[in-house]
Ligand code: NAD
Ligand code: ZN
């Protein structure tokens, strides 16, 4: 299945990675290819990627796995390794890995020599349904996450579910959390899929991508409609930060965040009360939340120090029904 973005395509298909060479050769004339990946993905897929791309001369840069690599230091190190390997303007870079590799490599591609072509090959469920879609690339600063970055289109995004077989259950579930979110704001059928636990297939991945794609096409630079994708994220981010990004993974934190958003929606009369239990149950069954759930009171101190909450009012995403996200305004006093 091919999905159209502004000027590139997203290919979503089992074993699509096997056609990678052909896709590259349709627009690229050099023999040299530059790959950035992390140590886990390299260990699992090094030989496979070499065989898929055996017509090219590969230069592979391997970074340490995890968010710790989305830094200026790794950014400079990757650039220096690519230059040592002889990268020139117009050479193609492949980002092979999860969201960390995708965001960092995309930012390298956006900035080195003022921009090189690159391809996203996301290998985690979260990166397949979320971070590889929408052209946001960037790195973290000591002051906070994703503070330096760009909007930079890839030449192609290839989404192949075969990579998911090697993901740990917990990493897999982080992607499920974003898929449940996508279902809740815009696709009831997608949400219902997660009411019992089965492995996702290409069909559900496509549905989740379609939610993000539709919103991104309306709002490429994240000024308005994209806000919907932040359902659960306002308080999710507060939870991640409260525990210094250690205890809860992103998908888990936004799952608690979605419950808080539901509570707020119910109190404001925007969300029907009966949604809470069914959504809570679904998140719990998918291994995303455990008791005790967070309440707003638990986050009071964290919220006080957040810029967003010290403004007089801020945008907040609620549900009016399953599959119906709505943007509303909240006054800080109301919280
Ligand atoms: P990640 O890249 O750290 O990957 C998670 C773990 O899975 C890593 O240890 C990685 O080595 C491993 N891994 C990757 N593919 C694997 C595979 N096929 N089999 C086994 N292990 C594999 O994290 P992530 O969850 O993919 O992405 C999180 C990042 O994405 C964050 O930095 C976040 O800010 C970013 N993000 C960006 C956007 C965006 O729009 N650009 C959106 C959402 C999230
Ligand atoms: Zn998220």
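Residue numbers (full-length UniProt numbering): 1 to 335.
For every residue, glycine included, the Cβ atom is placed at its ideal position computed from N, Cα and C.
Residues near residue i in its chain [Cβ-Cβ closer than 6 Å; skip 5 each side]
i           : result
residue 326 : 318 and 320
residue 302 : 238 and 242
residue 219 : 225 and 226
Whole-angstrom C-beta distance between residue j and residue i, which should lie under 8 Å
i           : j           : result
residue 162 : residue 15  : 6 Å
residue 130 : residue 212 : 7 Å
residue 49  : residue 96  : 7 Å
residue 119 : residue 85  : No, residue 119 and residue 85 are not in contact; Cβ-Cβ is about 17 Å, not under 8 Å.
residue 216 : residue 121 : Between residue 121 and residue 216 the Cβ distance is about 19 Å, and since that is not below 8 Å, they are no contact.
residue 175 : residue 128 : 7 Å
residue 42  : residue 62  : 5 Å
residue 322 : residue 188 : 5 Å
residue 324 : residue 315 : Between residue 315 and residue 324 the Cβ distance is about 17 Å, and since that is not below 8 Å, they are no contact.
residue 260 : residue 296 : 6 Å
residue 266 : residue 276 : 7 Å
Sequence-distant residues of its chain with Cβ nearer than 8 Å to residue i (five each side left out)
i           : result
residue 89  : 113 and 116
residue 337 : In the structure displayed, the chain extends from 1 to 335; residue 337 sits before or after that span and is not available.
residue 46  : 60
residue 103 : 70, 131, 136, 137, 138, 139, 146 and 149
residue 210 : 3 and 187
residue 64  : 38, 39 and 74
Outcome for residue i when other beta-carbon atoms lying within 10 angstroms are tallied against a minimum of 16
i           : result
residue 30  : exposed
residue 1   : exposed
residue 6   : exposed
residue 281 : exposed
residue 207 : buried
residue 274 : exposed
residue 98  : buried
residue 179 : buried
residue 144 : exposed
residue 221 : exposed
residue 269 : exposed
Beta-bridge pairing of residue i - partner residues as DSSP gives them
i           : result
residue 376 : Nothing in the structure corresponds to residue 376, since the chain is present only between 1 and 335.
residue 122 : 97
residue 324 : 321
residue 149 : 138
residue 41  : Note: residue 41 sits in no beta bridge, so no partner.
residue 156 : 9 and 119
residue 92  : 33
residue 3   : 10
residue 82  : Beta-bridge pairing links residue 82 to no other residue.
residue 62  : 37
residue 144 : 141
residue 57  : 32
Minimum C-alpha distance to residue i - residue among the options
i           : options               : result
residue 56  : 39, 40, 35 and 65     : 35
residue 240 : 231, 66 and 257       : 257
residue 66  : 274, 285, 245 and 316 : 245
residue 312 : 274, 332 and 158      : 332
residue 230 : 243, 251 and 27       : 251
residue 123 : 171, 93, 142 and 86   : 171
residue 147 : 59, 334, 71 and 285   : 71
residue 262 : 247, 278, 248 and 249 : 278
residue 12  : 297, 125 and 283      : 125
residue 164 : 299, 269 and 202      : 202
residue 271 : 185, 73, 94 and 9     : 185
residue 68  : 39, 58 and 26         : 39
residue 28  : 195, 93, 81 and 82    : 93
residue 169 : 309, 291, 286 and 294 : 286
residue 173 : 293, 284 and 335      : 284
residue 299 : 81, 335 and 195       : 335
residue 368 : 248, 87 and 195       : Limits of the chain in this structure are 1 at one end and 335 at the other, which puts residue 368 out of reach.
Beta-carbon proximity list for residue i, same chain, < 7 Å, skipping 5 on both sides
i           : result
residue 254 : 177, 181, 232, 233 and 236
residue 110 : 137, 150 and 152
residue 193 : 204
residue 20  : 52, 53 and 158
residue 166 : 44
residue 91  : 30, 32, 34 and 116
residue 79  : 108 and 112
residue 9   : 2, 3 and 156
residue 37  : 60, 62, 96, 97 and 101
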